[in-house]
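A quick write-up on the structure given underneath.
In our numbering, the protein residues as written are -18 to 368.
Quick look at the structure:
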């Protein structure tokens, strides 16, 4: 048979980059084609959020601002690393992951620089193959690369920490207690057999003792604290709904509140926190105009269109005081092309003379009473019946 000519390292690197780019491009093309064919638009808001998140685009639409203003979607705060370090896991993770990445780099170079010709097709000549550092542990390469991507995701968006933190624990425990790893290390020091097991178990025990010493006292102290959930205003609202409204009466309000209304009363709700459906997103944006600068007639038409019988307003949302443009009323204003009260002037935004609906309806003016009737109120909530 013909001898296979080995590829140089630059050539292999070029091929690897070309392969990765090709896979990404094909993935995007297939994804787009499938969405067009079956008419799926459920995740289009994610791309707008990503562009805004990395300052590629300055989006003012309702969906993007709603995500950008949620604490879970900010960048990973530095104190996260401080807490993980105090919990022992982060130092072990960093050391293990760095070693794995170095080993992976060396293994790739060893694999690419294999200049031995393959002779499988030559009679009476067995195949000659060189091994590399990860020949017998290819799964470590996978976990090392995944850890990098999960770390990048977590540092860019706090919510993605749920992917990275388990990997920290997995790789840290591998670095402390993996038998094959200890064999590979101690073999270089001329140590084998029972001594490998002794060192491995001793290091694991020492780590557990350190972890318990650091983490157990605060955990026991937290368990001593007995707390009771106490929210009388919400309880009063739910009891009133159960007692004084029809079973088929539907409610409009903030997404988080309506989830509680559905759970506690079983009443129909017009919108809920499931936000990965385009129709539900548009409906939510429409209904949240109750916190925008809209006329009573506009809101009444929206309520009737969405078959809402009752509207629940929260002063904690309506009267919130922030200057970062992240109040729900501000987000509604941005989407409507209106400049919020406490936000500096921005291009293409205008001041509106229309008062904020959720605030002025409390006074029961004649413009409002023809469309709405106040039926319940306490320190936190105001419920208006749609006439």
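Even glycine gets a Cβ: it sits at the ideal position worked out from N, Cα and C.
Opening and closing residue of the alpha helix (DSSP H) in which residue 236 lies = Stepping through the chain shown from its first residue, residue 236 is reached at position 255. Counting along the chain, the alpha helix (DSSP H) containing residue 236 begins and ends at 236 to 246.
task = Return the CA-CA distance between residue 339 and residue 76, expressed in angstroms with no decimal places.
result = Stepping through the chain shown from its first residue, residue 339 is reached at position 358. Stepping through the chain shown from its first residue, residue 76 is reached at position 95. If you take the alpha carbons of residue 339 and residue 76, they lie about 54 Å apart.
query = Helix or strand or just coil, what does DSSP make of residue 295?
reply = For the purposes of this step, residue 295 is taken as the residue at position 314 of the chain shown. Strand, per DSSP.
inquiry  = Checking 8 Å against the spacing of the C-beta atoms, do residue 361 and residue 214 come in under that value?
reply    = The residue given as residue 361 occupies position 380 in the chain shown. The residue given as residue 214 occupies position 233 in the chain shown. Going by C-beta atoms, residue 361 is nearer than 8 Å to residue 214.
task = Compare the beta carbon distance of residue 316 and residue 266 with 8 Å and say whether it is the shorter of the two.
result = Your numbering for residue 316 matches position 335 in the chain shown. Your numbering for residue 266 matches position 285 in the chain shown. Yes, these two residues count as a Cβ contact at 8 Å.
The stretch 115 to 134 contacting the stretch 81 to 90, beta-carbon criterion three pairs below 8 Å = yes
key: Residue closest to residue 94, alpha-carbon to alpha-carbon, out of 274, 159, 5 and -7   = Position 113 of the chain shown holds residue 94. Of the listed residues, the one whose Cα sits closest to residue 94 is -7.
task = Take residue 148 as the anchor and find which of 5, 78 and 284 has the nearest alpha-carbon.
result = On the chain shown, position 167 is the one that residue 148 refers to. Among 5, 78 and 284, the Cα nearest to that of residue 148 is on 78.
task = Could you please give me the residues that DSSP links to residue 367 through a beta bridge?
result = Residue mapping note: residue 367 aligns to position 386 of the chain shown, counting from 1. Answer by DSSP bridge pairing, in chain order: 353.
query = By a C-beta neighbour count over all protein chains shown, 10 Å radius and 16 as the cutoff for buried, is residue 365 buried or exposed?
reply = Position 384 of the chain shown, counted from the first residue, corresponds to residue 365. Buried: at least 16 other Cβ atoms inside 10 Å.
request  = Express the C-alpha separation of residue 311 and residue 42 in angstroms, rounding to a whole number.
outcome  = Locating residue 42 in the chain shown gives position 61, counting from the first residue. Locating residue 311 in the chain shown gives position 330, counting from the first residue. One C-alpha to the other measures close to 11 Å.
request  = Sort out for me which residues DSSP pairs residue 362 with in a bridge.
outcome  = Sequence index remark: in the chain shown, residue 362 carries index 381 (1-based). In DSSP, residue 362 forms a bridge with 295.
ask   = Who are the Cβ neighbours of residue 67 in its own chain at under 8 Å, not counting the five residues just before and after it?
value = Against the chain shown, residue 67 aligns to sequence position 86. Excluding sequence neighbours, residue 67 sits near 195.
inquiry  = For residue 103 and residue 119, I'd like the C-alpha separation in whole angstroms.
reply    = Numbered from 1 along the chain shown, position 122 holds the residue referred to as residue 103. Numbered from 1 along the chain shown, position 138 holds the residue referred to as residue 119. Reliability fails at residue 103, whose pLDDT of 44 lies under 50, so the model's placement of it is uncertain and no value is given.
key: residue 246 versus residue 342 - alpha carbon distance   = Indexing the chain shown from 1 puts residue 246 at position 265. Indexing the chain shown from 1 puts residue 342 at position 361. Approximately 26 Å between the Cα atoms of the pair.
request  = Could you check the C-alpha separation between residue 244 and residue 227 for me, to the nearest Å?
outcome  = The sequence position of residue 244 within the chain shown is 263, counting from 1. The sequence position of residue 227 within the chain shown is 246, counting from 1. The alpha-carbon atoms of residue 244 and residue 227 are separated by roughly 16 Å.
request  = Pull up the distance between the alpha-carbon of residue 231 and that of residue 240, whole angstroms please.
outcome  = Within the chain shown, residue 231 is the residue found at index 250, counting from 1. Within the chain shown, residue 240 is the residue found at index 259, counting from 1. For residue 231 and residue 240, the distance between alpha carbons rounds to 13 Å.
inquiry  = What would DSSP say about residue 319, mapped onto helix, strand or coil?
reply    = Translated into the one-based positions of the chain shown, residue 319 becomes position 338. Here residue 319 sits in strand by DSSP.
Residue 352 to residue 270 span [Cα, whole Å] = Position 371 of the chain shown holds residue 352. Position 289 of the chain shown holds residue 270. The alpha-carbon atoms of residue 352 and residue 270 are separated by roughly 15 Å.
ask   = Going by other Cβ atoms of all chains shown within 10 Å of its Cβ, with 16 needed for buried, is residue 174 buried or exposed?
value = Translated into the one-based positions of the chain shown, residue 174 becomes position 193. Exposed.
task = Pick out whichever of 203, 248 and 145 has its Cα sitting closest to the Cα of residue 223.
result = Here residue 223 refers to the residue found at position 242 of the chain shown. That would be 248, whose Cα lies nearest to the Cα of residue 223.
inquiry  = Considering only the alpha carbon of each residue, which of 288, 287, 334 and 263 lies closest to residue 374?
reply    = Only positions -18 to 368 of the chain appear in this structure, which leaves residue 374 out of reach.
query = Do residue 298 and residue 347 come within 8 Å of each other at the CB atom, strictly closer than that value?
reply = The sequence position of residue 347 within the chain shown is 366, counting from 1. The sequence position of residue 298 within the chain shown is 317, counting from 1. No; because the gap between Cβ atoms is not below 8 Å, this pair is not in contact.
task = Check whether the Cβ atoms of residue 45 and residue 139 sit closer than 8 Å, and answer yes or no.
result = Locating residue 45 in the chain shown gives position 64, where the first residue counts as 1. Locating residue 139 in the chain shown gives position 158, where the first residue counts as 1. No, these two residues do not count as a Cβ contact at 8 Å.
ask   = Of all the options 27, 5 and 368, which has the alpha carbon lying nearest to the alpha carbon of residue 259?
value = By one-based count along the chain shown, residue 259 stands at place 278. Comparing Cα positions, the closest option is 27.
key: Distance between beta carbons of residue 274 and residue 372, contact taken as under 8 Å   = Limits of the chain in this structure are -18 at one end and 368 at the other, which puts residue 372 out of reach.
query = When you compare only the Cα positions, how much space is there between residue 108 and residue 0?
reply = The residue you call residue 108 lines up with position 127 of the chain shown. The residue you call residue 0 lines up with position 19 of the chain shown. For residue 108, the predicted model reports a pLDDT of 49, less than 50, meaning its position is unreliable and no value from the coordinates is stated.
message = Is there a Cβ of chain C sitting closer than 8 Å to that of residue 159, yes or no?
response = Chain labels in this structure do not include chain C; a single protein chain is all it has.
inquiry  = DSSP three-state label for residue 233, please.
reply    = Taking the first residue of the chain shown as 1, we reach residue 233 at position 252. Strand, per DSSP.
query = At which residues does the alpha helix (DSSP H) containing residue 86 begin and terminate?
reply = Taking the first residue of the chain shown as position 1, residue 86 is located at position 105. Unbroken alpha helix (DSSP H) run through residue 86: 70 to 93.
key: Residues near residue 156 by beta carbon distance below 8 Å, same chain, minus five either side   = On the chain shown, residue 156 is found 175 positions in, with the first residue counted as 1. Taken in chain order, the residues that qualify are 73, 74, 76, 77, 80 and 162.
task = Using the Cα positions of residue 88 and residue 121, report the straight-line distance between them to the nearest angstrom.
result = Walking along the chain shown from the start, residue 88 turns up at place 107. Walking along the chain shown from the start, residue 121 turns up at place 140. Going by the C-alpha atoms only, they are around 11 Å apart.
ask   = Hey, residue 136 and residue 233: beta-carbon distance below 8 Å or not?
value = Position 155 of the chain shown holds residue 136. Position 252 of the chain shown holds residue 233. Cβ atoms of residue 136 and residue 233: not closer than 8 Å.
task = Confirm, please, whether the CB-CB distance from residue 62 to residue 71 is below 8 Å.
result = As a working mapping, residue 71 is identified with position 90 in the chain shown. As a working mapping, residue 62 is identified with position 81 in the chain shown. Yes, the Cβ-Cβ distance between residue 71 and residue 62 is below 8 Å.
task = Flag this pair as yes or no: are the beta carbons of residue 141 and residue 152 separated by less than 8 Å?
result = Indexing the chain shown from 1 puts residue 141 at position 160. Indexing the chain shown from 1 puts residue 152 at position 171. Against a cut-off of 8 Å, the Cβ pair of residue 152 and residue 141 comes out as no contact.
ask   = For residue 242, is the classification buried or exposed, using 16 other Cβ atoms within 10 angstroms of its Cβ as the cut-off for buried?
value = In the chain shown, the residue the question calls residue 242 occupies position 261. So residue 242 counts as buried.
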